[in-house]
Structure formats: C-alpha cells, structure tokens
Amino acid sequence: MVMSIRMVPLSSTFHKMHRIVRDMNKKLNKEVQLEIIGEETEVDKSIIEHISDPLMHLVRNSIDHGIESVEDRRSNGKNELGRVTLEAKNAGNDVVILIKDDGKGLSKDKILEKAKQNGLLHKSENDMSDKEIFNLIFIPGFSTNDAVTEFSGRGVGMDVVVKNIEKVGGSVSVDSVMGFGTTITMKIPLTLAIVDGMNISVGRSCYTIPTIAIKQSFRPKETDIIRDPHGNEMIMVRGVCYPILRLHKLYKVKDAQVHFHKGILVMVENEGKTVCIFADELLGEQQVVVKTLPTYIKRIKKIEGLSGCTLLGDGSISLILDAAGLTNINKQ
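Residue numbers (the working numbering): 1 to 332.
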C-alpha cells in the first residue's frame with residue numbers, strides 16, 4: 001500500500017515538454033510537434049526528480065540537431081512538420097522511456113571522426129557495432145557540433161544525462177537511421193525501494209544480484225574453463241563462449257573460493273551483454289530494501305558494478321550488484 005502511494009504518473013513531467021517545444025519552434029523557426037504516448041505509466045516519485053532534467057535535455061537536442069529546417073525537410077520529400085515522440089511503457093521491473101525524432105539521424109562518420117580527433121576510440125572502428133558508435137556521444141565532452149549555440153548540440157552534456165539516469169540505477173542507449181531519425185532509450189527501475197534479489201557469498205562478504213538479471217546458475221568443472229589469447233577466463237555454455245568475472249578479484253575479497261569446481265557461476269545478462277559471475281555459493285532469494293551507498297564512499301571513489309546496499313535480517317550488509325555495470329567492466 002505504501003509502495004502504491006509513492007507511485008506517480010509521468011504525465012506531469014511529459015507535459016512540461018510542450019512549452020520547451022513551443023519556445024524552440026519560435027527561436028529556431030522550425031515546425032515541430034510533440035507526441036506523447038503512455039503518459040499514464042507510473043514510477044516512484046523519487047525517480048521523477050532525477051529524470052525531469054535529462055528528458056528536457058534530450059527533447060531540446062532532438063529539436064535543435066535532430067529535426068531539420070522546414071526547407072531541408074521539404075527538399076528531402078519529408079513532411080514539413082517535424083515530430084518528436086515521448087513514449088513510456090512498462091517492461092518487467094523497469095520503465096522504458098523512448099525519445100524519438102523523425103529528423104536527419106546521427107552521422108556515424110562524423111561521430112567516428114570526432115572520436116578519433118579526441119582520442120576516444122577504445123578499439124578499432126571496424127570492430128565497433130553501429131550501436132557502440134552511436135553511444136560514443138555519451139562520453140564526457142563529446143560533441144559533433146562545430147559552433148556553440150543556445151541549445152547545445154547532441155553530445156554536449158549527454159554525459160550528464162547518463163550520470164543522472166545511472167544515479168537511479170537506469171541506463172541510456174541510442175539508435176539511429178541516417179535520414180530517418182534517432183531513438184534514445186532510457187531504461188529506469190520502477191521503484192528504488194524494493195528489489196527481488198539473489199544473495200551470494202564471496203569469502204565473508206555478501207552480495208545481492210537482482211533476480212531479473214539472472215539467466216541461470218551452475219557449477220562448472222575446472223576443465224570447462226578456457227582462456228582467450230589475452231589470458232581472460234571464458235566458459236562455453238551450449239556452444240556460446242561467455243566471459244567470467246571473479247568478484248573476489250574485482251573487489252579484493254580475502255578468503256574467497258578460487259577453484260571453479262568448488263564455487264558457482266551465476267550468468268547475468270543486461271542489454272544483450274552477458275557475463276558469468278564467480279561466487280562461493282548461493283545463499284537464497286530475497287526481497288531487499290535498497291539503500292544508496294553512503295556519500296563518503298561515493299566521494300572517495302566511484303565503485304564500478306555496485307548500485308546500492310541493503311541490510312539483511314541478521315544485521316549484516318549486502319552490496320547490491322548492478323548488472324549493467326558488471327557487463328561493462330568486463331567489456332573494458
């Protein structure tokens with residue numbers, strides 16, 4: 001009952017965007033219409049505070065640099081009236097918010113060129129998927145805009161959008177088709193208060209993995225483990241190779257199990273990326289109340305792969321693992 005009282009619809013946040021669209025139409029001499037879908041979708045009121053600014057930023061970017069001028073749209077055979085769509089929908093324990101525009105889309109070549117100039121490419125451009133190239137716009141300081149305008153270009157401040165969404169345990173991704181438009185997807189948890197989790201032990205430490213991220217758990221044999229040319233540990237499951245992440249190495253836990261046949265692997269998936277987490281044992285499933293990490297810890301160091309902590313029944317602390325963070329650690 002208390003949880004349901006905390007839930008508020010996204011309609012008030014979405015409708016604030018009408019004014020931004022109207023103001024920008026006047027200043028930029030563009031004709032853009034805002035379409036809202038799924039405004040009745042409800043999220044925790046503490047989350048609303050964190051997504052209002054990122055939404056505003058993304059809508060401004062879509063109009064400023066996504067939607068072309070009336071003349072350009074006319075010459076490309078498009079409807080003179082540009083369209084920005086805000087859509088919200090439920091997906092399991094998450095709420096997905098889409099910001100779509102029918103503008104010119106993102107230029108892969110321009111993004112790659114800018115990334116090369118700033119030395120931001122972490123691997124060969126031939127090995128990068130379209131989505132990885134588009135997601136470069138979220139790197140701090142990245143911009144494909146040559147001139148600074150009142151409404152910043154796609155990329156300026158995009159890292160702030162990501163930071164705000166990650167604060168509430170969410171994620172942001174972008175997809176685009178040249179000439180047809182861009183879609184930015186924000187995935188945020190329904191509520192910050194309670195999560196279904198699986199408790200695991202590593203040495204004397206306890207960690208909680210959100211159940212929704214777990215695909216399966218199994219005990220491997222030492223002979224199942226293979227190594228790639230860089231020496232990274234992998235495991236073959238049903239013909240597919242998955243990377244292994246040893247939590248005791250990542251968080252420097254002492255007295256943890258190091259032999260695979262004595263521990264357990266938990267396969268965790270997030271946005272198509274999968275990693276097998278090695279732990280000592282499964283302690284059981286439990287609904288836990290999420291608390292944010294203390295400010296003094298965050299101030300000293302940003303710890304990758306953690307989204308919060310919780311107090312267990314016996315008074316001990318369990319750290320809540322973030323599936324998105326863990327799959328990205330492994331990718332780096």
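Where is the CB? At the ideal position from N, CA and C, for every residue including glycine.
If we ignore side chains and look at the alpha-carbon of each, how far apart do residue i and residue j end up?
{"i": "N118", "j": "D255", "result": "43 Å"}
{"i": "M7", "j": "L283", "result": "31 Å"}
{"i": "R74", "j": "V21", "result": "20 Å"}
{"i": "V230", "j": "S4", "result": "As written in the sequence, residue 230 is His, which differs from the Val given in the question. Spanning the two alpha carbons is a distance of roughly 50 Å."}
{"i": "V162", "j": "G66", "result": "19 Å"}
{"i": "Q287", "j": "G313", "result": "11 Å"}
{"i": "A91", "j": "H122", "result": "32 Å"}
{"i": "G239", "j": "E125", "result": "27 Å"}
{"i": "D102", "j": "D224", "result": "48 Å"}
{"i": "G38", "j": "S12", "result": "12 Å"}
{"i": "N232", "j": "P243", "result": "7 Å"}
{"i": "S171", "j": "T41", "result": "18 Å"}
{"i": "N164", "j": "K78", "result": "34 Å"}
{"i": "C241", "j": "C309", "result": "31 Å"}
{"i": "K131", "j": "L293", "result": "31 Å"}
{"i": "V70", "j": "K26", "result": "13 Å"}
Buried or exposed, going by whether 16 or more other CB atoms sit within 10 Å of the CB of residue i?
{"i": "V258", "result": "exposed"}
{"i": "M198", "result": "buried"}
{"i": "F23", "result": "The sequence shown places Asp at residue 23, rather than the Phe named in the question. Flag for D23 reads exposed."}
{"i": "H57", "result": "buried"}
{"i": "P189", "result": "buried"}
{"i": "D322", "result": "buried"}
{"i": "F14", "result": "buried"}
{"i": "S316", "result": "exposed"}
{"i": "I184", "result": "buried"}
{"i": "Y296", "result": "exposed"}
{"i": "M1", "result": "exposed"}
{"i": "F134", "result": "buried"}
{"i": "P54", "result": "buried"}
{"i": "L265", "result": "buried"}
{"i": "K114", "result": "buried"}
{"i": "M178", "result": "exposed"}
{"i": "V289", "result": "exposed"}
Indicate the three-state DSSP secondary structure (helix, strand or coil) for residue i in the structure shown.
{"i": "I67", "result": "coil"}
{"i": "F260", "result": "helix"}
{"i": "L321", "result": "strand"}
{"i": "S173", "result": "strand"}
{"i": "L112", "result": "helix"}
{"i": "L312", "result": "coil"}
{"i": "S373", "result": "There is simply no residue 373 to check, as the chain begins at 1 and stops at 332 in what is shown."}
{"i": "S307", "result": "strand"}
{"i": "S107", "result": "coil"}
Identify, in the order they occur along the chain, each residue of the same chain with its Cβ nearer than 6 Å to the Cβ of residue i, setting aside the five sequence neighbours on each side.
{"i": "K273", "result": "T327"}
{"i": "V96", "result": "K89, K187"}
{"i": "K215", "result": "M267, E269"}
{"i": "D196", "result": "T211, Q287"}
{"i": "K108", "result": "I133"}
{"i": "L319", "result": "Y207, L306, C309"}
{"i": "R219", "result": "I264"}
What does a CB cutoff of less than 8 Å around residue i pick up in its chain, not counting 5 residues either side in sequence?
{"i": "V253", "result": "V202, G203, R204, S205, L247"}
{"i": "L245", "result": "V275, C276, I277, F278, L326, I329, N330"}
{"i": "V59", "result": "M17, I20, V21, L34, V84, L86, I99"}
Pull up the CB-CB distance for residue i and residue j, whole angstroms please, since I reckon it's below 8 Å.
{"i": "G82", "j": "S176", "result": "Incorrect: roughly 15 Å between the Cβ atoms, too far for contact."}
{"i": "R227", "j": "M234", "result": "7 Å"}
{"i": "V168", "j": "I47", "result": "5 Å"}
{"i": "I209", "j": "I200", "result": "6 Å"}
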